[in-house]
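Visitor: Take a look at this one; I'll ask things after.
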Amino acid sequence: MFTWPRIWLERQSPVSPVRRFVVAAAVASLALQPALVAAADVVIGALLPMTGGNAPNGAQKKTGYELAVEEINAQGGIKALGGAKLKLVVRDHEGKPDIGARLADAVINDDKVSIVVGSYMSGVTVPVSRVTERLKTPFLVTDSMADEITEAGLKYLFRIDTKAELATRAMLEGVKAFGQKAGTPITKIALLNEDSAFGQSLKADFEKQAPGLGLTIVENLSFKTGSPDLSAQAARIKASGAQWTVGSWYITDMLTMVKTFPSQGLNISRVSTFGGGVQTPALLQAGDQAEGVTGFTMWNPDLNRPGVKAFAEKFKQKLGVDPNQNGVKAYAGIWILKEVLERAGSLDKDKLRETLAKIEITSGPAMILPTSKISFDATGQLLPTHIAIQVQKGAFRTVWPDDVASTPLDMTKIKQGMVVR
Amino acid sequence: MLELLLQGTANGLVTGAVFAVIAVGLTLVFGVMRIVNFAHGEFLMIAMYITYLMATFGKLNPYLAILVSVPLLFLLGAGMFGLLIRPLLAAPEISQLLMTMGVSILLQNLALLIFKGDPLSVIVPWSSASVRLGPVSVAVTRLVAAAASLVVVFGIYWLLKTTDLGRMLRAAAQNRDAAQLMGINVTRMYMLALAIGVSCLGVVGPVLVPWAYVSPDVGAVFTLTAFVTVVLGGMGSVSGAFFGGLILGVVSSVSQMFMPGTYGLIPQYLVFILLLLFRPEGLFSGRI
Chain A
1 MFTWPRIWLE RQSPVSPVRR FVVAAAVASL ALQPALVAAA DVVIGALLPM
51 TGGNAPNGAQ KKTGYELAVE EINAQGGIKA LGGAKLKLVV RDHEGKPDIG
101 ARLADAVIND DKVSIVVGSY MSGVTVPVSR VTERLKTPFL VTDSMADEIT
151 EAGLKYLFRI DTKAELATRA MLEGVKAFGQ KAGTPITKIA LLNEDSAFGQ
201 SLKADFEKQA PGLGLTIVEN LSFKTGSPDL SAQAARIKAS GAQWTVGSWY
251 ITDMLTMVKT FPSQGLNISR VSTFGGGVQT PALLQAGDQA EGVTGFTMWN
301 PDLNRPGVKA FAEKFKQKLG VDPNQNGVKA YAGIWILKEV LERAGSLDKD
351 KLRETLAKIE ITSGPAMILP TSKISFDATG QLLPTHIAIQ VQKGAFRTVW
401 PDDVASTPLD MTKIKQGMVV R
Chain B
1001 MLELLLQGTA NGLVTGAVFA VIAVGLTLVF GVMRIVNFAH GEFLMIAMYI
1051 TYLMATFGKL NPYLAILVSV PLLFLLGAGM FGLLIRPLLA APEISQLLMT
1101 MGVSILLQNL ALLIFKGDPL SVIVPWSSAS VRLGPVSVAV TRLVAAAASL
1151 VVVFGIYWLL KTTDLGRMLR AAAQNRDAAQ LMGINVTRMY MLALAIGVSC
1201 LGVVGPVLVP WAYVSPDVGA VFTLTAFVTV VLGGMGSVSG AFFGGLILGV
1251 VSSVSQMFMP GTYGLIPQYL VFILLLLFRP EGLFSGRI
């Protein structure tokens, strides 16, 4: 039941009405201040493998993100949000899916991020994407290839990394091209895939696409990434008569193969994977034994793209090693987000999602990615381009397709065939 | 098919020898002290990092690191006993177990702090060399690892079987009070068991580095198999650890040859479970 407030009924305030009005107006304007004064930071959460076997590529991504954040903040932050600065929060998922899912929740609910980026490993990205979708937070996947990531009908997920089915097609076409150049047409291949979401996706795609390209799969193996012993797989590939081996693995597996495959009689330059599993500076430490190793990726420092030299130099200064495709995608990802934030003009997650879905970028630092236009299709996938690289004289060189290659493919090791003993 | 089987068996024997020597150190500690040392793998990791540093910065042959890591690990093992285990000897077993677990976590994270998470690699000129025995080829680096492991296993066996120290260790393991009554300094036997058990890893680390990569969690990869080997062979039995290691090595290698991916890791544990069902005390329980 309503009654008039007693103070209003009983006595007048001792302060004059004018004074009361002035005080009330001052208090009201204070409440409105935050919208006019310096804006709060835009918090971006990055989930990365900072420990465990994939730590080197976690570091690449962190450096890429940080470089972009520093540049954007130095240029005045997000103008549409009153000069708000970007703030990066990095959390280590250690390569474990359950930790990734938990951290996704923590980073959104505790760190209050507006956007999530990451996570380098498909096996972690999949559970993280379930959390970000449930919490209606945009998730920009800067590195994870499994097909299922953009096939789950998620509205808040966008990916600038390639999709497994597109990458595998490029790999098979590339391998065929290598065979042509070596003078020995490739018809028989062996598949070697690690068995998390990443490898399973690539395995299914290889199996689907190989027959259409005239390739017979003579050996189809899977293994657990991080295994110290791959001699069983080497023996089987050797016995199968395969002319080239393609597959999916991470950098520690590549190091194991570089050490053990030659002693088992396999030609390591004919064992190719995609991405950080080959394009990591740790591989170059193997010196002569890594010479001639081939692989596939989306970007390499020797590509003729705008701003590459400046970026590569700053990156090397920051991390001490050259950037690989993971470092570049991280960098480009943050610059894409800057555009999104400028065009959305708000931190409302649904607005950000909408802006991401419709965005088209054709200029700016994000164009360091080798594509003519950055935009996402209905599933949130960017249309990627792929290249092949080879370790030549201790550096990664782009060798395919011919129109972007910086040097020709080095045949010294390749021409020895798959089995060298 | 037969070729693959033979190759798998050869790889398995070579890998199994390494499992065996890691397990021997662990079983010695358990046999004498009845303490499960969860930090066992981390000592291996320390030896591997020492090897990496000597090989990369000193440009030395990694095998020379044995001369440094064996005495160092001996001292570390003795130190760990004196500082951390001895005060807990009268405490419930769970406390001792948790102490070693704590040491394990501490060491892993110290390594992470000092060396970062990147997997490190040492390449030697003979990294790709291999030896052919008929249809089977084995990498030289693994043969060396297996040979070194066998030397250590037989060395420990010889120590326990023939020397006075060995007899004293076995006495302390069999019956602590009776051994004390016989005038054996049981606490010192405990310290020696831990120190010797851990210094075995000072040989394993340097021979593993040429073919495995070094990272803070490399110890954990080998520790699980070491535990399984110890239980399979009978806790406290060196011959048990030896044969258990070889069996697990061969089973794991052959099954990975013929079964895809992670499935290939199952049979060794199936064998373990079945063996324990029919012989719960392990293969050679009660014997050294």
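Sequence order for the protein chains is A and B. When we follow the numbering used here, the leftmost residue of the first sequence carries the number 1, and every step to the right adds one. When we follow the numbering used here, the leftmost residue of the second sequence carries the number 1001, and every step to the right adds one. Even for Gly, the Cβ is constructed at its ideal location relative to N, Cα and C. The structure displayed is predicted, hence computed values, not measured ones.
Specify the secondary structure class of Gln-243 (chain A) as computed by DSSP and reduced to three states.
Guide: Residue numbering aside, residue 243 (chain A) sits at position 243 when the first sequence is read from its first letter. In the structure shown, Gln-243 (chain A) sits in coil (DSSP, three-state: anything other than H, G, I, E or B).
Visitor: In angstroms, rounded to a whole number, what distance separates the CA positions of Gln-33 (chain A) and Ile-1050 (chain B)?
Guide: On the first sequence, position 33 is the one that residue 33 (chain A) refers to. On the second sequence, position 50 is the one that residue 1050 (chain B) refers to. Reliability of the predicted coordinates at Gln-33 (chain A) is poor, the pLDDT of 46 falling under 50, and no value is obtained from them.
Visitor: Using the rule of at least 16 other Cβ atoms within 10 Å of the residue's Cβ for burial, across every protein chain shown, is Trp-249 (chain A) buried or exposed?
Guide: Your numbering for residue 249 (chain A) matches position 249 in the first sequence. Label assigned to Trp-249 (chain A): buried.
Visitor: Can a CB atom of chain B be found closer than 8 Å to the CB of Arg-236 (chain A)?
Guide: As a working mapping, residue 236 (chain A) is identified with position 236 in the first sequence. Closer than 8 Å to some Cβ of chain B, the Cβ of Arg-236 (chain A) qualifies, so yes.
Visitor: Which same chain residues, not among the five before or five after Val-1153 (chain B), have their C-beta less than 8 Å away from its C-beta?
Guide: Within the second sequence, the letter at position 153 stands for residue 1153 (chain B). Cβ within range, chain order: Ala-1017, Ala-1020, Val-1021, Val-1024, Val-1238, Ala-1241 and Phe-1242.
Visitor: So what does DSSP say about Leu-1181 (chain B), is it helix, strand or coil?
Guide: As a first step, residue 1181 (chain B) is located in the second sequence; it is residue number 181 there, counting from the start. Residue state, collapsed to three classes: helix.
Visitor: From the DSSP output, in three-state form, read off Thr-1187 (chain B) for me.
Guide: On the second sequence, residue 1187 (chain B) is found 187 positions in, with the first residue counted as 1. Residue state, collapsed to three classes: helix.
Visitor: What whole-angstrom Cβ distance do Val-128 (chain A) and Ala-101 (chain A) have, given they're in contact under 8 Å?
Guide: Taking the first sequence and counting its residues from 1, the one referred to as residue 128 (chain A) is at position 128. Taking the first sequence and counting its residues from 1, the one referred to as residue 101 (chain A) is at position 101. The Cβ separation is near 6 Å, so the contact holds.
Visitor: Kindly indicate which three-state DSSP category Val-37 (chain A) falls into: helix, strand or coil?
Guide: Taking the first sequence and counting its residues from 1, one reaches residue 37 (chain A) at position 37. Unreliable positioning characterises Val-37 (chain A) in this predicted model, as indicated by a pLDDT of 37, which lies under 50. The coordinate reading is nonetheless provided below. Residue state, collapsed to three classes: coil.
Visitor: Closer than 7 Å by C-beta to Lys-338 (chain A): which residues in its own chain qualify, once you throw out the five before and the five after it? Chain order, please.
Guide: Taking the first residue of the first sequence as position 1, residue 338 (chain A) is located at position 338. The answer, listed in chain order, is Ile-72 and Ile-78.
Visitor: Among the residues of its own chain, which have a CB less than 6 Å from the CB of Ala-38 (chain A), if the five just before and after it don't count?
Guide: As a first step, residue 38 (chain A) is located in the first sequence; it is residue number 38 there, counting from the start. Per-residue confidence for Ala-38 (chain A) stands at a pLDDT of 44, beneath the threshold of 50, marking its modelled position as unreliable; no derived number is given.
Visitor: Among A:Ala-80, A:Gln-60, A:Pro-56 and A:Thr-63, which one has its Cα closest to the Cα of Asp-422 (chain A)?
Guide: Nothing about residue 422 (chain A) can be read from this structure; chain A reaches only from 1 to 421.
Visitor: Below 6 Å CB to CB, which residues in the same chain sit around Gly-1219 (chain B) once its five sequence neighbours on both sides are set aside?
Guide: As a working mapping, residue 1219 (chain B) is identified with position 219 in the second sequence. Excluding sequence neighbours, Gly-1219 (chain B) sits near Gly-1041, Glu-1042, Leu-1044 and Met-1045.
Visitor: Hey, does Ser-428 (chain A) have any beta-carbon neighbour from chain B nearer than 8 Å?
Guide: Examination of residue 428 (chain A) is not possible in this model, given that chain A is present from 1 through 421 alone.
Visitor: For Ser-227 (chain A), name the three-state secondary structure that DSSP assigns.
Guide: If you number the first sequence from 1, residue 227 (chain A) lands on position 227. Correct three-state label for Ser-227 (chain A): coil.
Visitor: Work out the CA separation of Leu-1006 (chain B) and Val-278 (chain A) for me, nearest whole Å.
Guide: The residue you call residue 278 (chain A) lines up with position 278 of the first sequence. The residue you call residue 1006 (chain B) lines up with position 6 of the second sequence. Cα-Cα distance, rounded: 31 Å.
Visitor: Against chain A, does Thr-1015 (chain B) count as a neighbour if the rule is that its beta carbon must be under 8 Å from one of theirs?
Guide: Here residue 1015 (chain B) is taken as the residue at index 15 of the second sequence, counted from 1. For Thr-1015 (chain B), the answer is yes, since a Cβ of chain A falls inside 8 Å of its Cβ.
Visitor: What in chain B is Cβ-close to Pro-56 (chain A), meaning under 7 Å?
Guide: Working through the first sequence from its first residue, we reach residue 56 (chain A) at position 56. Ordered by position in chain B, the residues that pass the 7 Å Cβ test against Pro-56 (chain A) are Asp-1118.
Visitor: Roughly how far, in whole angstroms, is the beta-carbon of Val-423 (chain A) from the beta-carbon of Val-107 (chain A), given that I think they are within contact range, below 8 Å?
Guide: Residue numbering for chain A in the displayed model covers 1 to 421; residue 423 (chain A) lies beyond these limits and cannot be assessed.
Visitor: Find out if the Cβ-Cβ distance for the pair Ile-189 (chain A), Val-271 (chain A) is shorter than 8 Å.
Guide: Position 189 of the first sequence, counted from the start, is the residue given in the question as residue 189 (chain A). Position 271 of the first sequence, counted from the start, is the residue given in the question as residue 271 (chain A). Going by C-beta atoms, Ile-189 (chain A) is not nearer than 8 Å to Val-271 (chain A).
Visitor: When you compare the CB of Ser-263 (chain A) with every CB in chain B, is at least one pair closer than 8 Å?
Guide: The residue given as residue 263 (chain A) occupies position 263 in the first sequence. Yes, contact with chain B.
Visitor: Could you give the C-beta distance for Leu-1181 (chain B) and Leu-1169 (chain B), rounded to a whole number, given that I count them as a contact under 8 Å?
Guide: As a first step, residue 1181 (chain B) must be located in the second sequence, where it is residue number 181. As a first step, residue 1169 (chain B) must be located in the second sequence, where it is residue number 169. The pair is not a contact, with the Cβ atoms about 16 Å apart (cut-off 8 Å).
Visitor: Quick one: what does DSSP say Val-1122 (chain B) is sitting in, helix, strand or coil?
Guide: As a working note, residue 1122 (chain B) is residue 122 in the second sequence. In this structure, Val-1122 (chain B) counts as coil in the three-state DSSP scheme.
Visitor: Can Val-399 (chain A) and Thr-412 (chain A) be called in contact, C-beta distance under 8 Å?
Guide: Here residue 399 (chain A) is taken as the residue at index 399 of the first sequence, counted from 1. Here residue 412 (chain A) is taken as the residue at index 412 of the first sequence, counted from 1. When the beta-carbon positions are compared, Val-399 (chain A) and Thr-412 (chain A) stay at least 8 Å from each other.
Visitor: Can you tell me whether Lys-188 (chain A) is helix, strand or coil according to DSSP?
Guide: For the purposes of this step, residue 188 (chain A) is identified with residue 188 of the first sequence, where counting begins at 1. The answer is strand: DSSP assigns Lys-188 (chain A) an E or B state.
Visitor: So Phe-261 (chain A) is in the alpha helix (DSSP H); what residue range does that whole segment cover?
Guide: Here residue 261 (chain A) refers to the residue found at position 261 of the first sequence. First-last for Phe-261 (chain A): undefined, no H or E at that position.
Visitor: Counting only beta-carbon separations shorter than 8 Å, does Ala-1078 (chain B) have a partner in chain A?
Guide: What you label residue 1078 (chain B) is simply residue 78 of the second sequence in a count that begins at 1. Not closer than 8 Å to any Cβ of chain A, the Cβ of Ala-1078 (chain B) fails to qualify, so no.
Visitor: Against Gly-1261 (chain B), what residues of chain A qualify as contacts under a CB-to-CB distance less than 9 Å, listed in chain order?
Guide: Walking along the second sequence from the start, residue 1261 (chain B) turns up at place 261. The answer, in chain order, is Asn-193, Glu-194, Asp-195, Gly-199, Leu-221, Ser-222, Phe-223 and Lys-224.
Visitor: Output the boundary residues of the alpha helix (DSSP H) element that contains Thr-1027 (chain B).
Guide: Locating residue 1027 (chain B) in the second sequence gives position 27, counting from the first residue. Taken as a continuous stretch (DSSP letters only), the alpha helix (DSSP H) holding Thr-1027 (chain B) covers 1002-1033.
Visitor: Under the rule that 16 or more other beta-carbon atoms within 10 Å means buried, what is Gly-1118 (chain B), buried or exposed?
Guide: Residue numbering aside, residue 1118 (chain B) sits at position 118 when the second sequence is read from its first letter. Inspection of the sequence shows that residue 1118 (chain B) is occupied by Asp rather than by Gly. That one is buried.
Visitor: Report yes or no: is there a C-beta of chain B within less than 8 Å of the C-beta of Gly-100 (chain A)?
Guide: Locating residue 100 (chain A) in the first sequence gives position 100, counting from the first residue. No, Gly-100 (chain A) does not count as interfacial toward chain B.
Visitor: Could you check the C-alpha separation between Gly-287 (chain A) and Gly-394 (chain A) for me, to the nearest Å?
Guide: Within the first sequence, residue 287 (chain A) is the residue found at index 287, counting from 1. Within the first sequence, residue 394 (chain A) is the residue found at index 394, counting from 1. Distance between the alpha carbons of Gly-287 (chain A) and Gly-394 (chain A): 6 Å.
Visitor: Which residues in chain A have a C-beta closer than 7 Å to the C-beta of Gln-1007 (chain B)? List them in chain order.
Guide: For the purposes of this step, residue 1007 (chain B) is taken as the residue at position 7 of the second sequence. Under the 7 Å cutoff, chain A gives Ala-235.
Visitor: Please confirm whether Ala-1111 (chain B) has its beta-carbon closer than 8 Å to some beta-carbon of chain A.
Guide: Looking up residue 1111 (chain B) in the second sequence gives position 111. No, because no Cβ of chain A sits closer than 8 Å to the Cβ of Ala-1111 (chain B).
Visitor: If we ignore side chains and look at the alpha-carbon of each, how far apart do Lys-61 (chain A) and Ala-68 (chain A) end up?
Guide: As a first step, residue 61 (chain A) is located in the first sequence; it is residue number 61 there, counting from the start. As a first step, residue 68 (chain A) is located in the first sequence; it is residue number 68 there, counting from the start. If I take the Cα positions, the gap works out to 11 Å.
Visitor: Under the three-state reduction of DSSP, which class applies to Asp-1164 (chain B): helix, strand or coil?
Guide: As a position in the second sequence, residue 1164 (chain B) is number 164, starting the count at 1. DSSP places Asp-1164 (chain B) in helix when its eight states are reduced to three.
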